Amino acid sequence: MRDDLNAIPVFVTVVESGNFASAAAILHVTRSAVGKTIARLEARLGVALFQRTTRRQLLTEEGEQFYLQCREALERIREAEETLQRGKDEVQGRLRVSLPVLFGQRCVAPLLFRLSQRYPLLKLELHYSDRQVNLLEEGFDLAVRIGSTADTGSLRARALGEHGMVLCAAAEYLRQQPAPQTIAGLNEHRTLGYLHNGQLQKWQLYDPQQGEVRFSPQTWLIQDDFAAIAAAVQQGMGIARLPDWLVAQALADGTLQQVLAPSAQVRFAIHAVWPEGPWLPQKRGRRSMPCGKGYLLPQHRLAQREITAIYGGGGFPTACKLPARFTP
5 MRDDLNAIPV FVTVVESGNF ASAAAILHVT RSAVGKTIAR LEARLGVALF
55 QRTTRRQLLT EEGEQFYLQC REALERIREA EETLQRGKDE VQGRLRVSLP
105 VLFGQRCVAP LLFRLSQRYP LLKLELHYSD RQVNLLEEGF DLAVRIGSTA
155 DTGSLRARAL GEHGMVLCAA AEYLRQQPAP QTIAGLNEHR TLGYLHNGQL
205 QKWQLYDPQQ GEVRFSPQTW LIQDDFAAIA AAVQQGMGIA RLPDWLVAQA
255 LADGTLQQVL APSAQVRFAI HAVWPEGPWL PQKRGRRSMP CGKGYLLPQH
305 RLAQREITAI YGGGGFPTAC KLPARFTP
(Lines of atoms letter the chains of each structure in order from A and count residues from 1; the text may use other names and numbers.)
(Lines give C-alpha, C1' and ligand atoms only; values in the text may rest on other atoms or scores of the structure.)
Protein backbone atom coordinates (compact mmCIF):
# COMPACT_ATOMS: atom_id res chain seq x y z
CA MET A 1 0.00 0.00 0.00
CA ARG A 2 2.86 2.34 0.80
CA ASP A 3 4.43 1.84 -2.64
CA ASP A 4 1.04 2.50 -4.23
CA LEU A 5 0.76 5.79 -2.37
CA ASN A 6 4.32 6.75 -3.28
CA ALA A 7 3.29 6.56 -6.93
CA ILE A 8 0.76 9.39 -6.50
CA PRO A 9 3.23 12.29 -6.14
CA VAL A 10 5.25 10.84 -9.03
CA PHE A 11 2.13 10.86 -11.21
CA VAL A 12 1.25 14.44 -10.20
CA THR A 13 4.81 15.60 -10.90
CA VAL A 14 4.71 14.06 -14.39
CA VAL A 15 1.47 15.87 -15.17
CA GLU A 16 2.66 19.23 -13.86
CA SER A 17 6.13 19.03 -15.43
CA GLY A 18 4.83 17.89 -18.84
CA ASN A 19 6.83 14.69 -19.40
CA PHE A 20 8.70 11.83 -17.76
CA ALA A 21 12.15 13.35 -18.26
CA SER A 22 11.29 16.62 -16.52
CA ALA A 23 9.61 14.75 -13.68
CA ALA A 24 12.70 12.55 -13.27
CA ALA A 25 14.90 15.64 -12.95
CA ILE A 26 12.61 17.16 -10.33
CA LEU A 27 12.41 13.92 -8.33
CA HIS A 28 16.14 13.15 -8.72
CA VAL A 29 15.50 9.70 -10.21
CA THR A 30 15.97 8.20 -13.66
CA ARG A 31 13.45 8.56 -16.47
CA SER A 32 13.17 4.79 -16.50
CA ALA A 33 12.20 4.74 -12.79
CA VAL A 34 9.45 7.28 -13.43
CA GLY A 35 8.14 5.27 -16.38
CA LYS A 36 8.05 2.05 -14.35
CA THR A 37 6.24 3.75 -11.46
CA ILE A 38 3.53 5.10 -13.79
CA ALA A 39 3.20 1.73 -15.51
CA ARG A 40 2.66 -0.04 -12.19
CA LEU A 41 0.11 2.59 -11.17
CA GLU A 42 -1.83 2.16 -14.43
CA ALA A 43 -1.74 -1.60 -14.03
CA ARG A 44 -3.11 -1.38 -10.50
CA LEU A 45 -5.87 1.04 -11.53
CA GLY A 46 -6.69 -0.85 -14.71
CA VAL A 47 -6.78 2.30 -16.84
CA ALA A 48 -4.39 4.26 -19.03
CA LEU A 49 -3.53 7.59 -17.46
CA PHE A 50 -1.48 8.94 -20.39
CA GLN A 51 -1.57 8.89 -24.16
CA ARG A 52 2.11 8.53 -24.99
CA THR A 53 3.69 10.25 -28.00
CA THR A 54 7.31 10.54 -29.04
CA ARG A 55 7.69 13.96 -27.38
CA ARG A 56 5.25 14.13 -24.48
CA GLN A 57 2.59 12.37 -22.51
CA LEU A 58 -0.99 13.61 -22.71
CA LEU A 59 -3.55 12.83 -20.04
CA THR A 60 -6.44 10.61 -20.88
CA GLU A 61 -9.90 11.59 -19.66
CA GLU A 62 -9.51 9.15 -16.76
CA GLY A 63 -6.03 10.46 -16.12
CA GLU A 64 -7.28 14.04 -15.91
CA GLN A 65 -9.97 13.13 -13.38
CA PHE A 66 -7.46 11.12 -11.36
CA TYR A 67 -4.96 14.01 -11.45
CA LEU A 68 -7.46 16.54 -10.08
CA GLN A 69 -8.37 14.26 -7.19
CA CYS A 70 -4.74 13.40 -6.44
CA ARG A 71 -3.70 17.06 -6.49
CA GLU A 72 -6.48 17.91 -4.03
CA ALA A 73 -5.51 14.99 -1.78
CA LEU A 74 -1.84 15.99 -1.75
CA GLU A 75 -2.78 19.57 -0.97
CA ARG A 76 -4.84 18.42 2.00
CA ILE A 77 -1.94 16.30 3.22
CA ARG A 78 0.39 19.31 2.99
CA GLU A 79 -2.12 21.45 4.88
CA ALA A 80 -2.44 18.76 7.57
CA GLU A 81 1.34 18.61 7.97
CA GLU A 82 1.59 22.40 8.21
CA THR A 83 -1.19 22.50 10.80
CA LEU A 84 0.53 19.82 12.85
CA GLN A 85 3.85 21.62 12.60
CA ARG A 86 2.30 24.89 13.72
CA GLY A 87 0.68 23.05 16.60
CA LYS A 88 4.10 21.99 17.86
CA ASP A 89 5.13 25.63 18.17
CA GLU A 90 1.91 27.02 19.58
CA VAL A 91 1.01 27.37 23.21
CA GLN A 92 -2.65 26.54 23.53
CA GLY A 93 -5.22 25.17 25.93
CA ARG A 94 -6.04 26.09 29.52
CA LEU A 95 -3.30 26.47 32.13
CA ARG A 96 -4.38 26.33 35.79
CA VAL A 97 -1.81 27.93 38.06
CA SER A 98 -1.73 28.34 41.84
CA LEU A 99 0.16 31.42 43.01
CA PRO A 100 1.00 33.00 46.37
CA VAL A 101 -1.37 35.94 46.77
CA LEU A 102 0.88 38.99 46.88
CA PHE A 103 3.90 37.68 45.01
CA GLY A 104 1.62 36.13 42.41
CA GLN A 105 -0.38 39.30 41.83
CA ARG A 106 2.60 41.66 41.84
CA CYS A 107 5.29 39.67 40.10
CA VAL A 108 4.09 36.48 38.39
CA ALA A 109 0.71 37.41 36.94
CA PRO A 110 2.04 40.29 34.77
CA LEU A 111 4.40 37.82 33.10
CA LEU A 112 1.64 35.32 32.47
CA PHE A 113 -0.52 38.10 31.03
CA ARG A 114 2.28 38.95 28.64
CA LEU A 115 2.63 35.31 27.68
CA SER A 116 -1.11 35.08 27.03
CA GLN A 117 -0.95 38.13 24.78
CA ARG A 118 1.83 36.51 22.81
CA TYR A 119 -0.07 33.23 22.49
CA PRO A 120 -3.78 34.04 22.02
CA LEU A 121 -4.77 30.36 22.18
CA LEU A 122 -3.45 30.08 25.74
CA LYS A 123 -6.19 30.41 28.36
CA LEU A 124 -5.11 31.23 31.90
CA GLU A 125 -6.84 30.26 35.11
CA LEU A 126 -4.96 31.83 38.02
CA HIS A 127 -5.76 31.02 41.64
CA TYR A 128 -4.26 33.18 44.38
CA SER A 129 -3.81 31.52 47.74
CA ASP A 130 -1.09 31.27 50.36
CA ARG A 131 -2.39 27.78 51.06
CA GLN A 132 -0.30 24.96 49.63
CA VAL A 133 -2.76 23.39 47.19
CA ASN A 134 -2.78 19.72 46.20
CA LEU A 135 -2.05 19.94 42.49
CA LEU A 136 -3.25 16.45 41.62
CA GLU A 137 -6.45 16.46 43.65
CA GLU A 138 -7.39 20.02 42.74
CA GLY A 139 -6.46 19.81 39.07
CA PHE A 140 -3.65 22.36 38.87
CA ASP A 141 -1.01 22.21 36.15
CA LEU A 142 1.54 24.32 37.99
CA ALA A 143 2.19 26.11 41.25
CA VAL A 144 4.73 28.70 42.32
CA ARG A 145 5.91 28.25 45.88
CA ILE A 146 8.16 30.22 48.17
CA GLY A 147 10.22 28.29 50.70
CA SER A 148 11.09 24.63 51.13
CA THR A 149 9.96 21.97 48.66
CA ALA A 150 10.72 19.09 51.02
CA ASP A 151 7.04 18.09 51.14
CA THR A 152 6.38 18.11 47.41
CA GLY A 153 6.19 14.30 47.31
CA SER A 154 5.45 13.14 43.78
CA LEU A 155 5.79 16.63 42.33
CA ARG A 156 8.67 17.80 40.24
CA ALA A 157 10.28 21.09 41.20
CA ARG A 158 12.47 23.61 39.44
CA ALA A 159 14.30 26.37 41.28
CA LEU A 160 13.42 29.76 39.82
CA GLY A 161 15.43 31.93 42.16
CA GLU A 162 15.21 33.35 45.64
CA HIS A 163 14.03 36.39 47.51
CA GLY A 164 14.89 37.88 50.85
CA MET A 165 13.22 39.78 53.66
CA VAL A 166 14.36 43.21 54.78
CA LEU A 167 13.90 45.11 58.02
CA CYS A 168 12.77 48.60 57.17
CA ALA A 169 11.10 51.71 58.53
CA ALA A 170 9.99 55.09 57.24
CA ALA A 171 12.65 57.78 57.07
CA GLU A 172 10.47 60.03 59.26
CA TYR A 173 10.19 57.33 61.94
CA LEU A 174 13.96 56.84 62.03
CA ARG A 175 14.51 60.57 62.44
CA GLN A 176 12.53 60.34 65.66
CA GLN A 177 13.81 56.92 66.75
CA PRO A 178 17.43 56.17 65.80
CA ALA A 179 17.84 52.86 63.99
CA PRO A 180 18.76 49.85 66.17
CA GLN A 181 22.35 48.63 65.92
CA THR A 182 21.74 45.07 67.15
CA ILE A 183 18.95 42.53 66.98
CA ALA A 184 18.30 43.04 70.69
CA GLY A 185 17.90 46.75 69.97
CA LEU A 186 14.69 45.97 68.08
CA ASN A 187 12.98 45.57 71.45
CA GLU A 188 13.30 49.33 71.94
CA HIS A 189 11.20 50.01 68.84
CA ARG A 190 7.64 49.64 67.70
CA THR A 191 7.51 46.58 65.46
CA LEU A 192 4.80 45.38 63.11
CA GLY A 193 4.01 41.67 62.99
CA TYR A 194 2.76 39.36 60.24
CA LEU A 195 0.05 36.82 61.01
CA HIS A 196 0.07 33.72 58.79
CA ASN A 197 -2.38 30.84 59.18
CA GLY A 198 -3.37 32.23 62.55
CA GLN A 199 0.19 32.32 63.88
CA LEU A 200 2.39 35.34 64.49
CA GLN A 201 5.52 34.79 62.44
CA LYS A 202 8.92 35.05 64.07
CA TRP A 203 11.63 36.96 62.26
CA GLN A 204 14.40 34.81 60.83
CA LEU A 205 17.50 36.95 61.18
CA TYR A 206 21.24 36.46 61.03
CA ASP A 207 23.61 37.21 63.89
CA PRO A 208 27.38 37.22 63.17
CA GLN A 209 28.07 35.31 66.40
CA GLN A 210 25.02 33.05 66.63
CA GLY A 211 24.25 32.51 62.97
CA GLU A 212 20.58 32.25 62.03
CA VAL A 213 18.24 33.21 64.86
CA ARG A 214 14.47 33.39 65.24
CA PHE A 215 13.50 36.66 66.85
CA SER A 216 10.09 37.26 68.45
CA PRO A 217 9.34 40.97 68.00
CA GLN A 218 7.35 42.86 70.62
CA THR A 219 4.69 43.74 68.09
CA TRP A 220 2.09 46.38 68.81
CA LEU A 221 0.42 46.12 65.38
CA ILE A 222 -0.34 42.75 63.78
CA GLN A 223 -1.79 42.24 60.30
CA ASP A 224 -2.21 39.24 58.02
CA ASP A 225 -1.31 41.03 54.80
CA PHE A 226 2.17 42.18 53.75
CA ALA A 227 0.81 44.99 51.58
CA ALA A 228 -1.10 46.40 54.56
CA ILE A 229 2.01 46.13 56.72
CA ALA A 230 4.06 47.93 54.07
CA ALA A 231 1.49 50.74 53.97
CA ALA A 232 1.63 51.06 57.75
CA VAL A 233 5.42 51.18 57.73
CA GLN A 234 5.39 53.97 55.15
CA GLN A 235 3.11 55.95 57.46
CA GLY A 236 5.76 55.78 60.19
CA MET A 237 4.13 53.11 62.33
CA GLY A 238 7.38 51.31 63.14
CA ILE A 239 9.79 48.65 61.88
CA ALA A 240 8.63 45.65 59.87
CA ARG A 241 10.14 42.67 58.13
CA LEU A 242 8.94 42.68 54.52
CA PRO A 243 9.75 40.98 51.20
CA ASP A 244 12.47 42.88 49.37
CA TRP A 245 10.55 42.80 46.07
CA LEU A 246 7.59 44.50 47.78
CA VAL A 247 9.55 47.46 49.14
CA ALA A 248 12.31 47.73 46.52
CA GLN A 249 10.92 50.93 44.99
CA ALA A 250 10.29 52.58 48.37
CA LEU A 251 13.85 51.76 49.43
CA ALA A 252 15.20 53.10 46.16
CA ASP A 253 13.42 56.44 46.41
CA GLY A 254 14.18 56.86 50.12
CA THR A 255 10.61 56.58 51.39
CA LEU A 256 11.76 53.60 53.45
CA GLN A 257 15.17 52.86 54.89
CA GLN A 258 16.65 49.48 55.65
CA VAL A 259 17.79 48.76 59.19
CA LEU A 260 20.14 46.03 60.42
CA ALA A 261 20.96 45.11 56.83
CA PRO A 262 23.51 42.39 57.74
CA SER A 263 20.90 40.72 59.95
CA ALA A 264 18.43 40.23 57.12
CA GLN A 265 20.57 37.85 55.08
CA VAL A 266 18.22 34.88 55.31
CA ARG A 267 16.79 34.16 51.88
CA PHE A 268 14.01 31.92 50.61
CA ALA A 269 13.92 29.80 47.48
CA ILE A 270 11.21 30.23 44.85
CA HIS A 271 10.19 27.11 42.95
CA ALA A 272 7.79 26.05 40.25
CA VAL A 273 6.26 22.65 40.99
CA TRP A 274 4.16 20.42 38.77
CA PRO A 275 2.91 16.81 38.75
CA GLU A 276 5.35 14.05 37.90
CA GLY A 277 5.14 12.70 34.37
CA PRO A 278 4.23 14.31 31.03
CA TRP A 279 3.06 17.40 32.66
CA LEU A 280 0.83 19.10 30.12
CA PRO A 281 -1.56 17.46 27.66
CA GLN A 282 -0.42 17.45 24.06
CA LYS A 283 -3.25 19.80 23.12
CA ARG A 284 -1.34 22.59 24.80
CA GLY A 285 1.46 22.25 22.32
CA ARG A 286 5.04 21.21 22.76
CA ARG A 287 6.12 24.69 23.67
CA SER A 288 3.54 25.06 26.40
CA MET A 289 4.63 26.56 29.60
CA PRO A 290 7.12 24.77 31.71
CA CYS A 291 9.72 24.57 33.52
CA GLY A 292 11.20 21.57 31.84
CA LYS A 293 11.44 23.77 28.77
CA GLY A 294 12.56 26.78 30.77
CA TYR A 295 9.54 28.94 30.19
CA LEU A 296 8.02 30.09 33.45
CA LEU A 297 9.57 33.05 35.18
CA PRO A 298 12.27 35.49 34.27
CA GLN A 299 14.60 37.42 36.52
CA HIS A 300 14.23 38.62 39.98
CA ARG A 301 16.82 37.47 39.08
CA LEU A 302 15.01 34.26 38.20
CA ALA A 303 16.31 31.95 35.48
CA GLN A 304 16.81 35.02 33.33
CA ARG A 305 18.73 33.49 30.46
CA GLU A 306 16.25 30.67 30.02
CA ILE A 307 13.23 32.94 29.99
CA THR A 308 14.57 35.71 27.78
CA ALA A 309 13.60 33.77 24.67
CA ILE A 310 9.92 33.86 25.63
CA TYR A 311 9.58 37.22 27.33
CA GLY A 312 12.04 39.18 25.28
CA GLY A 313 14.16 39.98 28.32
CA GLY A 314 11.39 41.99 29.95
CA GLY A 315 11.59 40.29 33.32
CA PHE A 316 9.55 41.23 36.35
CA PRO A 317 7.82 44.60 36.54
CA THR A 318 10.00 47.33 38.07
CA ALA A 319 8.36 47.00 41.47
CA CYS A 320 9.39 43.36 41.62
CA LYS A 321 13.03 43.62 40.59
CA LEU A 322 15.45 42.70 43.32
CA PRO A 323 19.09 43.06 44.16
CA ALA A 324 18.90 39.29 44.56
CA ARG A 325 22.01 37.16 44.82
CA PHE A 326 20.68 34.40 42.63
CA THR A 327 22.86 33.65 39.63
CA PRO A 328 21.23 31.58 36.91
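Residues in the sequence shown are numbered consecutively from 5, following our numbering. Glycine included, each C-beta is placed from N, C-alpha and C at the ideal position. Values in this document were obtained by computation on a predicted structure and should not be read as measured data.
Following the DSSP letters along the chain, one finds Tyr-210 inside the beta strand (DSSP E) bounded by residues 207-211. Spanning the alpha carbons of Pro-247 and Glu-142 requires a straight line of approximately 28 Å. Going by C-alpha positions, Glu-46 is about 48 Å away from Pro-124. Per DSSP, reduced to three states, the secondary structure at Ser-102 is strand. Burial is judged here by how many other beta carbons sit within 10 angstroms of a residue's own beta carbon; Gln-61 has at least 16 and is buried.
Under the three-state reduction of DSSP, Glu-280 is assigned to coil, being neither helix nor strand. Using a 10 angstroms sphere on the CB of Trp-224, the tally of other CB atoms stays under 16, which defines it as exposed.
Annotation: Trp-207 to Ile-243 spans about 12 Å, alpha carbon to alpha carbon. One alpha carbon belongs to Gly-67, the other to Arg-80, and they sit about 20 Å apart.
One thing to note: Phe-70 has its Cβ within 9 Å of the Cβ of Phe-15. For Arg-218, the enclosing beta strand (DSSP E) has its first and last residue at 215-219. When DSSP assignments are scanned along the segment 15-101, the uninterrupted stretches of beta strand (DSSP E) that are 3 or more residues long and fall wholly within it turn out to be 54-56, 61-63. Within the same chain, Met-169, Leu-171, Trp-207 come within 6 Å of Arg-245 by CB-CB distance, once the 5 residues on both sides are set aside.
Looking at the backbone, the Cα of Gln-205 and that of Arg-100 are separated by about 30 Å. Beta-bridge partners of Arg-162 (DSSP): Ala-276.
Note on geometry: alpha-carbon atoms of Leu-53 and Leu-63 lie some 6 Å from one another. Counting the other CB atoms within 10 Å of its CB gives His-200 a total below 16, which places it among the exposed residues. For Gln-222, there is no enclosing beta strand (DSSP E), as DSSP marks it with neither H nor E. Taking all protein chains shown into account, Leu-9 has fewer than 16 neighbouring C-beta atoms within 10 Å of its C-beta and is therefore exposed.
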